[in-house]
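To start, the structure itself, in structure tokens.
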Amino acid sequence: MIPSSEEIVESLRHHVVAVSGGTLSLDDVVPDVDVYDAGYVDSVGVTQFMLCVRDQYQVVIADSRLGTELKSLRDLATRIHAELDRAAGA
Numbered sequence: 002m003i004p005s006s007e008e009i010v011e012s013l014r015h016h017v018v019a020v021s022g023g024t025l026s027l028d029d030v031v032p033d034v035d036v037y038d039a040g041y042v043d044s045v046g047v048t049q050f051m052l053c054v055r056d057q058y059q060v061v062i063a064d065s066r067l068g069t070e071l072k073s074l075r076d077l078a079t080r081i082h083a084e085l086d087r088a089a090g091a
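Residue 22 in this note's numbering sits at position 21 of the sequence shown, with consecutive numbering throughout.
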């Protein structure tokens, strides 16, 4: 069963908290803001964050796409969901 986009958003929020080293709580992480502008990831932390995504969902998305075409956690969740849906249909 493929998780919904909202379930993926919640999981991504948890990943952000985990890679923040305790500086952020779930209440701090809003899914519709730019991840770089909000300070959820930076140029160093993006690789660790995207590895979490890859490990959990077996979806590979280039680090460079986060913050460009995929600006928010919701954008990323939508992309992950689409990739999972496409893989399930293959």
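Built from N, CA and C at the ideal position, the CB exists for glycine as well.
Predicted, not measured: the structure shown is a model, and the values here were computed from it.
With distance defined between alpha-carbon atoms, name the residue in the options nearest to residue i.
i, options, result
"residue 8", "57, 71 and 88", "57"
"residue 40", "86, 17, 10 and 85", "17"
"residue 53", "10, 20 and 5", "20"
"residue 34", "10, 59, 81 and 3", "10"
"residue 6", "90, 89 and 83", "83"
Round the Cβ separation of residue i and residue j to the nearest angstrom and send it over; I've been treating them as touching at under 8 Å.
i, j, result
"residue 77", "residue 67", "7 Å"
"residue 51", "residue 38", "Incorrect: roughly 18 Å between the Cβ atoms, too far for contact."
Taking its Cβ as the centre, do 16 or more other Cβ atoms sit within 10 Å of residue i, making it buried, or is it exposed?
i, result
"residue 73", "buried"
"residue 45", "exposed"
"residue 87", "exposed"
"residue 31", "exposed"
Who are the Cβ neighbours of residue i in its own chain at under 8 Å, not counting the five residues just before and after it?
i, result
"residue 27", "14, 15 and 18"
"residue 70", "76"
Please list, in chain order, all residues of the same chain as residue i whose beta carbon is under 6 Å from its beta carbon, the five residues on each side excluded.
i, result
"residue 61", "55"
"residue 48", "64"
For residue i, which residues in the same chain have their Cβ closer than 7 Å to its Cβ, ignoring the five residues on either side in sequence?
i, result
"residue 79", "6"
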